[in-house]
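Reviewing the structure listed below.
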Amino acid sequence: MVARTAPVHAQLAHQLVQTDRVLEVWRVGAGAPAGVQWRMTVFWPRQKARCPVLLSPDGCWPHVVGHDAASTALRQGVALAWFDRTELAFDNDTGQCEGPFYEQCRPSKSGSLAVWAWGIQCCVDALEKMAHDRLSGVATIGHSRGGKAALLATALDPRIAAVIAHNSGTGGAASLSTQAPGAESLAQLAQQFPHWLGAAMQDAAERERIVAMDLPRLMLSQIAPRGLCLLQARDDLWANPAGTRRMADLLRPHWQGTAQDPQRSRRLQWHERTGGHAMTLADWQRAAQFVREVLG
């Protein structure tokens with residue numbers, strides 16, 4: 545859903561600033577010494593065995609990710625890490641691409657979603673370099689706009705073994721071929737959040753082309769045969785649950801099991817619950833179970 549992704553800097557600088565072996569706080573950095581830096585929090589299970597890490601960019605939303613979500617993941621033997629994506633690119637009402645990333649990388653045509661996806665990739669790099677002895681794999685998870693960023697990062701980065709997108713809607717897991725009543729359109733998304741998608745999405749002809757080819761479907765097909773879990777709430781009409789269900793159906797051929805990989809079909813899952821947009825602990829439970837199933 546973006547014209548191009550944020551550039552990956554050659555210089556990466558990661559630092560562990562606090563640890564008690566269960567809770568760690570890291571400083572993740574990219575670019576020159578005065579480049580973009582942000583904090584990542586990691587909760588590890590108490591056992592010393594290697595475990596998967598579930599990484600969220602939604603640290604700016606304490607109602608989405610925090611200690612309760614961490615406890616839910618830890619009970620499944622899954623570590624939970626999160627960072628605040630707005631430390632890289634702001635998510636404000638100006639509609640402008642603003643924040644530390646843009647101050648360091650002028651001029652940039654990347655929308656905020658691409659920058660947040662790049663932040664996920666940098667955090668994966670930090671986890672692989674600094675926690676390789678504790679890590680069995682990395683999955684990423686995101687809610688709403690965070691889900692859009694998580695899907696993009698996973699499509700672009702084969703190091704990410706699985707992704708869980710919760711109510712990610714248009715520009716995320718909803719197929720543009722199914723515009724259900726009450727669902728957000730691509731034009732509405734581009735108008736309300738122009739900084740998410742970049743300048744190219746302000747072109748009506750470009751949006752029509754993207755809808756015609758159902759670009760999100762092409763993007764998500766790049767994740768196969770890795771793990772893809774689409775979580776949706778039935779009453780969240782704006783996030784187009786019908787479009788998300790349609791996306792899961794369209795993607796199934798890419799996850800069809802083979803003699804060499806009979807479990808491949810289990811790595812694509814779609815789940816719908818009653819209720820609205822908010823991410824619940826039941827959603828976190830489902831996500832942690834999926835990570836355990838896919839990454840072991």
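To convert a position in the sequence shown, counted from 1, into the numbering used here, add 544. Virtual Cβ for every residue (Gly too), placed ideally from N, Cα, C.
query: Tell me, please, whether the stretch 781–792 touches the stretch 714–731 by the rule of three or more beta-carbon pairs shorter than 8 Å.; result: yes
query: Assign Gln804 to buried or exposed, taking buried as 16 or more other Cβ atoms, counted over all protein chains shown, within 10 Å of its Cβ.; result: exposed
query: Under a Cβ-count criterion, where at least 16 other Cβ atoms within 10 Å of its own Cβ denotes burial, should Gln776 be classed as buried or exposed?; result: buried
query: Among the residues of its own chain, which have a CB less than 7 Å from the CB of Phe634, if the five just before and after it don't count?; result: Glu642 and Gly643
query: Gly573 to Ala756, Cα distance in whole Å?; result: 38 Å
query: Starting from the C-beta of Asp827, find all residues in its chain whose C-beta is less than 7 Å away, skip the five residues before and the five after it, and write them out in chain order.; result: His710 and Leu775
query: Leaving out five residues before and five after Leu794 in sequence, what residues of the same chain have Cβ atoms less than 7 Å from its Cβ?; result: Ser719 and Arg761
query: In whole angstroms, what separates the C-alpha of Gly621 from that of Ser652?; result: 40 Å
query: Looking at the structure shown, is Ser719 part of a helix, part of a strand, or coil, going by DSSP?; result: coil
query: Let me confirm a value: Ala550 is counted as buried when at least 16 other C-beta atoms fall within 10 Å, else exposed. Which label applies?; result: Any reading at Ala550 needs caution, since the residue's pLDDT is 40, under 50, leaving its predicted position unreliable; the model's value is listed next. By the 10 Å Cβ count, Ala550 comes out buried.
query: Please return the same chain residues whose Cβ sits closer than 6 Å to the Cβ of Ser600, not counting the five positions on each side in sequence.; result: Val609, Trp626 and Ile685
query: Which residues bound the beta strand (DSSP E) around Arg678?; result: Taken as a continuous stretch (DSSP letters only), Arg678 belongs to no beta strand (DSSP E), as it is neither H nor E.
query: Rounded to whole angstroms, what's the CA-CA distance from Gln736 to Gly639? Just pull it up for me.; result: 8 Å
query: Give me, in chain order, the residues of the same chain whose beta-carbon lies closer than 7 Å to that of Trp799; leave out the 5 immediate sequence neighbours on both sides.; result: Ala768, Pro769, Arg808, Ser809, Arg811 and Leu812
query: Looking only at its chain, what residues have a beta carbon closer than 8 Å to the beta carbon of Leu825, apart from the 5 residues adjacent to it on each side?; result: Asp612, Ala613 and Thr616
query: Taking Cβ to Cβ, would you say Ala727 is nearer than 8 Å to Arg751?; result: no
query: Under 8 Å between the Cβ atoms of Ser680 and Gly840?; result: yes
query: For a quick check, are the C-beta atoms of Gly603 and Trp740 less than 8 Å apart?; result: no
query: At what residue ranges does the stretch 666–745 contain a whole run of the alpha helix (DSSP H), taking only runs of 4 or more?; result: 689–700, 730–736 and 738–741
query: Return the chain-ordered ranges of every alpha helix (DSSP H) run that is complete within the stretch 591–661 and spans a minimum of 4 residues.; result: 611–619 and 644–648
query: Should Asp701 be labelled buried (16 or more other beta-carbon atoms within 10 Å of its own) or exposed?; result: buried
query: Roughly how many angstroms lie between the CA atoms of Phe834 and Cys773, to the nearest whole one?; result: 7 Å
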